[in-house]
Amino acid sequence: MLTAETSEQIEITPARIMQAGFAFWSSKVLLTAIGFELFTHLCDCSKTAADIKNELQLHGRGLEDFLDTLVAMGFITRSGDGPEARYLNTPDTDMYLNKNRDTYMGGMLEMLNNRLYTFWGNLDEALKTGKPQNEVAKGGAPIFDSLYEDENRLKEFVGAMGSIQAGNFNLFANQFDFSEYGTHMDVGGAGGDLSIQIALAHPDIRCTVYDLPQVGPIAKANIAKRHVEDRVQFMAGDFFKDPLPHADLITMGNILHDWGLDDKKMLIRKAFEALPTDGALVVIENTIDDERRQNVFGLLMSLNMLIETPAGFDYTAADFTRWAIEAGFKDVATMPLTGPATALIAYK
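Quick note on numbering: full-length UniProt numbering labels position 72 of the sequence shown as 72, and the sequence is numbered without any gaps.
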């Protein structure tokens, strides 16, 4: 038990407060480097600041500070000092932030830099009004309407969703027991990343990527790139307007958190109706811990739904279990994935 006497022995410093307060400095340095495609430029060989200045067409003032900040943060390495110093990727940035690699995960970070960094500056207004602070705040269309009308933004969004879930999808595809399921459908499957991973790991399963028709060309290109056209198909549909197609296993990755409670329950009911007896619904999200004390990223993601959507929010495993049982599912299990993410598995 903490007493007045023991509390005096604990050093209290402002370090944690200051680190959080200044965190946006570090974030913007990394996001700017990604926007410059710096890690792609540094993928083959080390380069001097002068090389980088010329290749990226930068002014030069502050460049060495910028590069050395990335060194201090552990995102690039430096050999030597002064004008002759040479910079190179670290193994993790070369793996995940180099656009020449299939493992590139910068899509989500590109979207953070291009959109969310600015919108989060209005978090105070979102908390005061309860309204989104994205393009809608300036008279634009709701996020999903505007995304699906702009081919470039849609590609960026689909790439971002695939990158943020890549590790989770790979882990789920390789560790979940698929032995009871012959068909799989990913609702709101976007670029088809989860279905592709499942098809690669389990050649006998037939997979369907279900999303709006505008996503079709992106998903089909990804499916062809991974050579799984014989096992993965794209099916156009609207999960609000249409019944879900039947499948033994239905997945939703970062779908439910986009919507309010009534729509969440509706999608769970639709999945239940589309599943056979002994089928399963798997929801992959940054599930908030039941006590709402530990999963910082899950809670921040829920605040991001405040910024981006009219009614969306993230939720706990206990919340999902309650909704799934209400829809008719008989049991719910959890499967930890990477970092803060969890697969919530509802069995019919």
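Note that beta-carbon positions come from the ideal geometry of N, C-alpha and C, so glycine has one too.
Here DSSP, grouped into helix, strand and coil, assigns Met18 to helix. A straight line joining the alpha-carbon of Gly107 with that of Gln214 spans about 19 Å. Counting only unbroken stretches of 4 or more residues, the alpha helix (DSSP H) elements lying wholly within the region 258 to 341 are 261 to 274, 296 to 308 and 317 to 327, in sequence order. Rounded to whole angstroms, the gap between the alpha carbons of Arg61 and Ile205 is 55 Å.
For the alpha helix (DSSP H) assignment, the uninterrupted runs of no fewer than 4 residues enclosed by the region 187 to 254 are, from N- to C-terminal side, 193 to 201 and 216 to 225. With a threshold of 16 other beta carbon atoms within 10 Å, Arg292 falls short and is exposed. Look at Asn98 here: in three-state DSSP terms it is coil, with no helix or strand label. Cβ neighbours of Leu171 within its own chain (closer than 7 Å, five residues either side excluded): Leu337 and Thr338. By the neighbour-count definition (other C-beta atoms within 10 Å, threshold 16), Trp25 is an exposed residue.
Val296 and Leu63 have their C-alpha atoms spaced approximately 33 Å apart. Excluding five sequence positions before and after Leu30, the CB atoms of its chain that fall closer than 8 Å to its own CB belong to Leu70, Met73, Phe75 and Leu109, given in chain order. Exposure of Glu149 is indicated by the presence of fewer than 16 other C-beta atoms within 10 angstroms of its C-beta. Closest in alpha carbon position to Tyr87, among Asn113, Trp120 and Asp44, is Asp44.
In the DSSP assignment, Leu88 falls within the beta strand (DSSP E) that extends over Arg86 to Asn89.
Nearest to Ile34 by alpha-carbon distance, out of Asn114, Asp263 and Ile17, is Asn114.
Every beta strand (DSSP E) of 3 residues or more that sits fully in the region 57 to 86 is shown, in chain order, as 76 to 79. Shown here for Ser79: same chain residues with a beta carbon closer than 6 Å to its own, the five before and five after excluded, namely Arg86 in chain order. When beta bridges are read from the DSSP output, Ala343 appears opposite Ile284 and Met335.
In this structure, DSSP gives Met105 a state outside helix and strand, which the three-state scheme calls coil. Residues of the same chain with a CB within less than 6 Å of the CB of Ile255, apart from the 5 flanking positions on each side, are Gly188 in chain order.
With fewer than three CB-CB distances shorter than 8 Å, the region 132 to 151 does not count as touching the region 179 to 193. If you compare the alpha carbons of Asp278, Glu273 and Met301 with that of Asn286, the shortest gap goes to Met301. Residue nearest to Ser27 within the set Asn222, Thr48, Trp120 and Ala274 is Trp120 (criterion: CA-CA distance).
In summary, Gly130 is exposed, with fewer than 16 beta-carbon neighbours lying within 10 Å of its beta-carbon over all protein chains present.
Here the alpha carbons of Ala173 and Ile143 stand approximately 29 Å from one another. Apart from the 5 residues on each side of it in sequence, Leu200 sits with its Cβ closer than 8 Å to the Cβ of Ala173, Arg226 and Val228 in its chain, given in chain order.
Distances from the alpha-carbon of Val232 to those of Leu112, Ala317, Ile223 and Ala190 put Ile223 closest. The criterion of a C-beta distance shorter than 8 Å is not satisfied by Ala346 and Ala247. DSSP lists Tyr87 as the beta-bridge partner residues of Lys47. When the five nearest sequence neighbours on each side are left out, the beta carbons in the same chain lying within less than 8 Å of the beta carbon of Glu156 are those of Gly107, Glu110, Met111 and Asn114, in order along the chain.
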